[in-house]
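Taking it in order: structure first as structure tokens, then the write-up.
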Amino acid sequence: MDNAGPGPDSAAPPTAPEETTALSLSSFATPVNLTILVLFLYVLIMRARSPPPPAVPRQKPRVFQTFTPRTLKPFNGADQPTVLLAVQGDVFDVTSGASFYGPGGPYANFAGRDASRGLAKNSFDEEMLTPIDQPIDKLEDLNGEEKNSLADWKGHFQGKYLLVGKLVEEGSEEAKAAGI
Amino acid sequence: MAEIELTLDALSYTLIALLIAVLVIPAVLSRDPDVHPFVLHRQSAISPVRNPKESAVYRSTDTPFGYPLVSGLGLPAAQKYASRTGDIRDIWKLAIEHGKGKMQSVKGKEVVDFSIADLTKHIYAVGSHFRDIGAKSVAVYLPNDVENLVVSFACAFYNIKLIIVPFEPHQTEGVLGLLKETRPDVIIAAAGQVPLEEITPIRPKEIIFVVEPGSQHLDWDSPEGSDQKSVVYHEIIKNGAAKDPEVDIELNAPAVVIYGPKQKDGSRELIEFSHRNIVAGVASQMKSLPTREKYTPNDVFVPVDTLADLHTRIHTYAALASGSTVALSSIAGKHADIETAVRNVNPTIIVVSPESLLELHIRTRGTMMELWHGMIHYFQARTLTNNGRIPKGNFITRVNDYIRPRVGKKLRLVFVAESAGSPDSQPLNSLDLSDLRVFFQAKVVYGLKHYKVAGPVTQCNVYDYRVQKQKSLPKGPGRECAHFGAPSPGLEIKLKDRGEYTADDAEGPRGEVWVTGPVVAGGRELSLGIVGKWEDEGVLSYA
Chain A
1 MDNAGPGPDS AAPPTAPEET TALSLSSFAT PVNLTILVLF LYVLIMRARS
51 PPPPAVPRQK PRVFQTFTPR TLKPFNGADQ PTVLLAVQGD VFDVTSGASF
101 YGPGGPYANF AGRDASRGLA KNSFDEEMLT PIDQPIDKLE DLNGEEKNSL
151 ADWKGHFQGK YLLVGKLVEE GSEEAKAAGI
Chain B
1 MAEIELTLDA LSYTLIALLI AVLVIPAVLS RDPDVHPFVL HRQSAISPVR
51 NPKESAVYRS TDTPFGYPLV SGLGLPAAQK YASRTGDIRD IWKLAIEHGK
101 GKMQSVKGKE VVDFSIADLT KHIYAVGSHF RDIGAKSVAV YLPNDVENLV
151 VSFACAFYNI KLIIVPFEPH QTEGVLGLLK ETRPDVIIAA AGQVPLEEIT
201 PIRPKEIIFV VEPGSQHLDW DSPEGSDQKS VVYHEIIKNG AAKDPEVDIE
251 LNAPAVVIYG PKQKDGSREL IEFSHRNIVA GVASQMKSLP TREKYTPNDV
301 FVPVDTLADL HTRIHTYAAL ASGSTVALSS IAGKHADIET AVRNVNPTII
351 VVSPESLLEL HIRTRGTMME LWHGMIHYFQ ARTLTNNGRI PKGNFITRVN
401 DYIRPRVGKK LRLVFVAESA GSPDSQPLNS LDLSDLRVFF QAKVVYGLKH
451 YKVAGPVTQC NVYDYRVQKQ KSLPKGPGRE CAHFGAPSPG LEIKLKDRGE
501 YTADDAEGPR GEVWVTGPVV AGGRELSLGI VGKWEDEGVL SYA
């Protein structure tokens, strides 16, 4: 930069007369100064402006659903990713325990079904399940020990999993009210 | 193009210096906001599952799902690791235990001190008098003064139903009409304030007159030409022999009766609160404040609204139970002048009506005549909204001090609440609340109250200084209203679909406000009769 000032051997001789007339202003209006000025003004404006309020994502609670044995069936982890099971009419979302209740798990039979009888009798066999075209199991034949076992299991589900719906009889008033 | 000359002259250096200054100075001078901003993004605990046609259930973050709602004072019980709910008497016992042993009464420019020990004797004396004449219900029609609280606690200690008659310093509504509905055994009123013939048709067992010290030489005992028995308060409290009767109290029985707001036909609903409701309200108000902001024995608390307002009374009880010094001003009321009510007291916490606060706001705004008033106010308001701090002021802002309301230098909390379900409520908007925080240099906490709920229904986070987009009221054109904050720890709230307002609305769940919990009178789920909306950060506002 040994050639800073305008000289006779400058690259643009026609501009030289102009520069001499407006020397006082244009000598300061160098690209460097302009850049810093713009940067300064930008920072100043940004400081003065209020920061926009941060957007809060809205929490979307799920809606309590009414199921019949037929509409509950798909929620077994295979047809639907969600795993639901019913205990005494309460439907729990056990997706977080899918390694137990999902496909391939030890309790996979209960997924999408009314698990009450199986839990009461501590048996995970297929014959513990009521076929979906039959009325919901009333569990009237359980003995005291089995009732206690069922209550313990229900307490376990209430403590660990989310109650997301209820299981009602096909064609009942509640089912009709829910539109199924 | 290759040869850009990088010459730096004097102007360049000046500009670089300025640029560094605007970058560095705010970073050096900035202070942390009073609360982490994320706290204000999640102000309620929201149930993960909701019923169809209802919003999710919202609770205070102090009492999330799986935990019980605040239902009592949690006092040490006889058994180890157990706690008991407590009753209204325990509020006074806590005041004796934690307090600095005094209560104050503001009479004009004078502040009179009363010792808690003396007032305790008065409570027993007044209570035993009630028991001796066989009173089952006592109506209190008094301004905010120590006698009001003495009578209230006397009723609690002697298991007598307390009827709180709506009181305003300049009441126009006839007291006769109010008392007709409750027919109390004893009526307590200020001497000279209520004409005797207004009360005699009620045929109470006794009328007790509270007589000012200056008029006590007059004969108040025997009204001429009347067989109505009347006695004076200052004679009753001379009985110093009475002791705590230690009666058994049924926590769920009605203990306090209040009047609902005046309906269009002039009638008022009567609402009964049990000991359990009242202590739950007091305990949840105490719990809802963050640790740094709680009532403490070092606080001086002034109710600037009348004690006939249950919300104000619950705050007062919470202050008592926390050991704060309570100062009572007899001019307190819906339109009380805040500066006069707290004169010479230097309060740290006050409860005011929205009407009083708005009148003060308009008056203070009116004195901001000079250009610098507005400029300093603008920057102080920015400190609140952008930096999340209460502007405590510096030597420059002191030129604005003379426009500030004269409420002492120590004020830190101002509680104010919108009355839901009241036909003549006075809503406050977010900008006004922000202005008032600047004027008071204190936290102004807005909330929602309802005459069937002990204490606030919802209350804003103490540190929520944000100014929101203003909402119009459903009532039609009028003032706009700020949000009311998150639910109190003593209840839970959901919105049920009503008409066009549904839980599935695009801008957030809306619907009729229903509350349930230990602080709600009657013990059942209650509709507040208003339509509300949940904002995304979990605060309630008018829909």
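So the sequence lines, in the order shown, correspond to chains A and B.
The numbering of the first sequence is UniProt numbering, which starts it at 1 and goes up by one.
The numbering of the second sequence is UniProt numbering, which starts it at 1 and goes up by one.
C-beta atoms are modelled at their ideal positions from N, C-alpha and C, and glycine is treated no differently.
Taking DSSP as the reference, what is the three-state secondary structure of residue i?
i	result
B:Leu310	helix
B:Ala155	According to the sequence shown, residue 155 of chain B is Cys rather than Ala. Helix, per DSSP.
A:Pro135	coil
A:Lys147	helix
A:Lys73	coil
B:Met375	helix
B:Gln380	helix
B:Glu537	coil
B:Thr340	helix
B:Ser137	strand
B:Ser329	strand
A:Thr130	coil
A:Tyr101	helix
A:Ala175	helix
B:Gln459	strand
A:Lys93	Checking the sequence shown, residue 93 of chain A turns out to be Asp, not Lys. Strand at A:Asp93.
B:Thr516	strand
B:Ser115	strand
B:Ala17	helix
Residues of chain B with a CB under 8 Å from the CB of residue i: which are they?
i	result
A:Gln158	Ordered by position in chain B, no residue passes the 8 Å Cβ test against A:Gln158, which lies about 10 Å from the chain.
A:Val164	Val49
A:Thr30	Glu5, Thr7, Asp9, Ser12
A:Val63	Val49, Arg50, Asn51, Pro52
A:Asn33	Asp9, Leu11, Ser12, Leu15
Classify residue i: buried if its beta carbon has 16 or more other beta carbons within 10 angstroms, exposed otherwise.
i	result
B:Trp372	exposed
B:Pro297	exposed
A:Leu84	buried
B:His129	buried
B:Glu370	exposed
B:Glu197	exposed
B:Pro354	buried
B:Asp32	exposed
B:Arg203	exposed
B:Val304	buried
B:Met286	buried
B:Pro489	buried
A:Met46	exposed
residue 579 of chain B	Outside the shown range of chain B (1 to 543) lies residue 579 of chain B, about which nothing can therefore be said.
Mind listing the chain B neighbours of residue i? Cutoff is C-beta to C-beta under 7 Å, in chain order.
i	result
A:Val56	His41, Asp536, Glu537
A:Leu37	Leu15
residue 198 of chain A	Nothing in the structure corresponds to residue 198 of chain A, since chain A is present only between 1 and 180.
A:Arg47	Val22, Pro26
A:Leu44	Val22
Could you tell me which chain B residues have their CB closer than 9 Å to the CB of residue i, listed as they occur along the chain?
i	result
A:Gln59	Arg42, Ile46, Pro48, Ala56, Asp536, Gly538
A:Leu139	In chain order: nothing, as chain B lies at least about 25 Å away.
So, at 8 Å on beta carbons, what are the nonlocal neighbours of residue i in its own chain, with the 5 sequence-adjacent residues on each side left out?
i	result
B:Asn148	Val140, Leu142, Leu307, Leu328
B:Ile133	Asp185, Val186, Lys205, Glu206
Note down, in chain order, each residue of its chain lying with its Cβ closer than 7 Å to the Cβ of residue i, except the 5 sequence neighbours on either side.
i	result
B:Leu433	Val444, Tyr446, Ala482
B:Pro37	Gly388
B:Ala253	Ser274
B:Arg343	Val106, Lys109
A:Asn122	Ser149
B:Ile46	Ala56, Tyr58, Gly538
Considering only residues of the same chain and omitting the five flanking positions on each side of residue i, which have a CB-CB separation below 6 Å?
i	result
B:Asp299	Ser324, Thr348, Ile349
A:Thr82	Phe75, Thr95
A:Trp153	Leu119
B:Leu19	none
residue 188 of chain A	Since the displayed chain A opens at 1 and closes at 180, residue 188 of chain A lies outside it and no answer follows.
B:Leu178	Val165
B:Ala21	none
A:Ser172	none
List the residues of chain A that residue i touches, going by C-beta distances under 7 Å, in chain order.
i	result
B:Leu18	Phe40
Anything in chain A within Cβ reach of residue i, meaning under 9 Å, just list it in chain order.
i	result
B:Gly447	Those within 9 Å of B:Gly447 in chain A number zero; the least Cβ separation is about 21 Å.
Please list the partners that residue i has in chain A, where partner means a Cβ-to-Cβ separation under 8 Å.
i	result
B:Gly511	Within chain A, no residue comes near B:Gly511; the closest Cβ sits about 14 Å away, beyond 8 Å.
B:Gly508	Arg58
Suppose only complete runs of 4+ residues qualify. What are the alpha helix (DSSP H) ranges in the segment 40-109 of chain B, listed by chain order?
88-98
Ignoring anything shorter than 3 residues or poking outside the segment 339-369 of chain B, list the beta strand (DSSP E) runs there in chain order.
349-352
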